[in-house]
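Participant:
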Amino acid sequence: MKGWDLRSIYRPKPMKHISLLIKPASSLCNMRCRYCFYSEISALRETPSYGIMPENTIDKILDNTFIDIDDGDKITLAFQGGEPTLAGLSWFQYFVKNVNARKKDVTVNYAFQTNGLLLDEYWCEFFHDHDFLIGLSIDAGKRFHDRNRLSPVGEGTFETCLKVKALLEKNQVEYNILCVLTNEIAKDPERVWRFILNEKIRYIQFIPCLEPPDNSEKAMVQGNILRPVFFAKFYSRLLPWWINELEKDNYISVKLFDDVANYFLKGLATSCGIDGQCHNQYVIEADGSVYPCDFYCTDEYKIGNLKDNSLRELFYTEKAKEFLNEKPELPRICQSCQFLKACQGGCKRMRNVMYAAKGDVVCGFRSLLEKCLAPLEDAVRRTFLTK
């Protein structure tokens, strides 16, 4: 028999960090946002909505997740939609109880993206007790928000969302603000920054408004779609104000600035696609179907079902490998870019809104880095790395 290798005894076992993005209510939603990318994506499937995830599906997907988890590992369970609150508070109580019953010593983190319309004291108590991080969708100001984020009867929802923000603060629930960055918003950074300061927002993420996946003219207001040149101008204008607050010891987390600093100063890719590499995100639809990315939840990209296979098995499917290896041809502008080695063309789904599409003579990300990378790095070094 082969003898013991003492190095294997003392070598620490590598820790895994697994993330699932779960859609408890599929594409169901109680808002009618003019720019909703998931309603456009799900409409391309043979089954646009799978309804509410049944409890027996919860049991099976957790069984097939935890089978690949060892003591000491970490798992992030994020919930998104559609609108996840439509599954009901009891659904999440059952889910968390099921997770807690697992006999493994793992660190579990919860995240929850919501429009906030159904949140009340009961929801907030639950979030607080189980350390949920809430992503609350609010576009930066009433004019922007109420133009696109509408109730089913066509009414604006800005005032309701601000009340929900106050409710989260009252109940000491951690939250971030998510704002869809439309062309209109990107052209008015001053109004956006005033909103951030007036509402005392500590964490905010801007999600580029995408073109419809089938290039149609339907549903989405075409003027909302972000263009790379306005992406660059928006963040370039924001940066000096952000640095000014940083120097006053008032750190405001603007996710893109955090991601750029992490990547170029520390070599950490804290945003999927910032290094031009796709990663399997494990998006779990309400029937257990698994997709590699939230932007690609269509039938052709389905890699399997978590009710039937473990995460490890799904990771090694041919469909999963094909998605990771699928790389669009880089536009000509990339060939002369000093940041090509780091960026590799960026996220393929964001190509037309923040990078450069085929034939473009301007890349938004390149323009941003050329103007902002040096002052951003300098500010971060002075504030964080010299203390």
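Under the numbering used here, read the sequence shown as residues 1433 to 1819, first letter to last.
We put the CB at the ideal spot given by N, CA and C, even for glycine.
1) In three-state terms, what does DSSP make of Val-1793?
2) Just tell me which of Glu-1631, Asp-1810, Tyr-1470 and Glu-1717 has its CA closest to the CA of Leu-1594.
3) Please specify which runs of the beta strand (DSSP E), each continuous and at least 3 residues long, are wholly inside the stretch 1448–1502, giving them in chain order.
4) Nearest-angstrom Cα distance between Ala-1752 and Tyr-1733?
5) Let me know if Phe-1554 comes out buried or exposed under the rule of 16 or more other beta-carbons within 10 Å of its beta-carbon.
6) Could you compute how far the alpha carbon of Glu-1761 sits from the alpha carbon of Asp-1537?
7) With a threshold of 8 Å, are at least 3 pairs of Cβ atoms found where one atom belongs to the stretch 1725–1740 and the other to the stretch 1466–1480?
8) Which residue or residues does DSSP assign as beta-bridge partners of Tyr-1827?
9) Please state if the CB of Asn-1656 and the CB of Asn-1547 are separated by a distance shorter than 8 Å.
10) Can you list, in chain order, the residues of its chain whose CB lies under 6 Å from that of Trp-1625, leaving out five sequence neighbours each side?
11) Taking the alpha carbon of Asn-1684 as the reference point, which residue from Ala-1806, Asn-1615 and Arg-1634 has its own alpha carbon closest?
12) Which residues share a DSSP beta bridge with Ile-1716?
13) For the putative contact between Phe-1903 and Leu-1521, defined by C-beta atoms under 8 Å, what is the C-beta separation to the nearest angstrom?
14) Leaving out the 5 sequence neighbours to the left and right, which residues in its chain are closer than 6 Å to Ala-1651 when beta-carbon positions are compared?
15) How big is the Cα-Cα spacing for Gln-1604 and Val-1528?
16) Near Ala-1373, what residues of its chain come up, given a Cβ to Cβ distance below 8 Å and the 5 sequence neighbours on each side ignored?
17) Cutting at 7 Å between CB atoms, please list the residues of its own chain near Gly-1796, excluding the five before and the five after it.
18) Could you check the C-alpha separation between Asp-1567 and Glu-1487 for me, to the nearest Å?
19) So, with DSSP's three-state summary, where would you put Lys-1595?
20) Using 10 angstroms around the beta-carbon of Ala-1510, count the other beta-carbons present and answer buried if the total reaches 16, otherwise exposed.
21) Using the rule of at least 16 other Cβ atoms within 10 Å of the residue's Cβ for burial, across every protein chain shown, is Ala-1598 buried or exposed?
22) Short of 8 Å in beta carbon distance, which residues of its chain neighbour Asp-1792, apart from the five on each side in sequence? Order them along the chain.
23) Taking the alpha-carbon positions, what's the Ser-1742 to Asp-1500 distance?
24) How is Phe-1771 classed by DSSP in three states: helix, strand or coil?
25) For Leu-1762, report the span of its alpha helix (DSSP H) as first-last.
26) How close, in whole Å, do the beta carbons of Ile-1490 and Tyr-1526 come, if the pair is a contact with beta carbons under 8 Å?
27) For Leu-1582, collect the residues of the same chain with a Cβ closer than 6 Å to its Cβ; drop the 5 residues on either side in sequence, then sort them by chain order.
28) Using alpha carbons as the reference points, say which of Cys-1461, Val-1722, Lys-1759 and Glu-1758 lies closest to Arg-1744.
29) If distances are taken between C-alpha atoms only, which option among Ala-1789, Ala-1533, Thr-1749 and Lys-1448 comes closest to Lys-1506?
30) At the level of alpha carbons, what is the spacing between Leu-1453 and Ser-1768?
31) Taking just the CA atoms, how far does Glu-1606 sit from Phe-1627?
32) Consult DSSP for Gly-1655 and reduce its assignment to one of helix, strand or coil.
33) Three-state secondary structure (DSSP) at Val-1624?
34) By the DSSP assignment, the alpha helix (DSSP H) with Lys-1868 in it spans what residues?
Facilitator: Taking the definition as stated:
1) Looking at Val-1793 - three-state DSSP - the assignment turns out to be coil, as it is neither helix nor strand.
2) Glu-1631
3) 1449–1454
4) 8 Å
5) Before going further, note that residue 1554 is Tyr rather than Phe in the sequence given. Tyr-1554 should be labelled exposed.
6) 44 Å
7) yes
8) Nothing can be reported for residue 1827: it is not among the residues displayed for the chain, which extend from 1433 to 1819.
9) no
10) Beyond the five residues adjoining it in sequence on each side, Trp-1625 comes within less than 6 Å, by CB distance, of Trp-1673 in the same chain, given in chain order.
11) The question names Asn, yet the displayed sequence has Ile at residue 1684. Ranking Ala-1806, Asn-1615 and Arg-1634 by Cα distance to Ile-1684 puts Arg-1634 first.
12) The secondary-structure analysis by DSSP pairs Ile-1716 across a beta bridge with Ile-1454 and Val-1722.
13) Any property of residue 1903 remains undetermined from this structure, which presents the chain solely from 1433 to 1819.
14) For Ala-1651, the pLDDT reaches just 40, beneath the cut-off of 50, and the residue's location in the model is therefore unreliable, although a value from the coordinates is still provided. Hits under 6 Å: none found.
15) 20 Å
16) Residue 1373 is absent from the structure shown; the chain starts at 1433 and stops at 1819.
17) Same-chain partners within the cutoff: Pro-1660, Val-1661, Phe-1663, Ala-1664, Met-1786 and Tyr-1787.
18) Reading off the sequence shown, one finds Gly at residue 1567, where the question assumed Asp. Each residue's alpha carbon lies about 24 Å from the other.
19) helix
20) Counting C-beta atoms within 10 angstroms of its own C-beta, Ala-1510 has 16 or more neighbours from the protein chains shown and is therefore classed as buried.
21) exposed
22) Pro-1660, Pro-1763 and Ile-1765
23) 7 Å
24) coil
25) Leu-1762 -> no alpha helix (DSSP H), and no H or E assigned at all.
26) 7 Å
27) Arg-1464
28) Val-1722
29) Lys-1448
30) Spanning the two alpha carbons is a distance of roughly 37 Å.
31) 19 Å
32) Of the three classes helix, strand and coil, the one that applies to Gly-1655 here is helix, per DSSP.
33) helix
34) Because residue 1868 is not part of the residues shown, which for the chain are 1433 to 1819, the question remains open.
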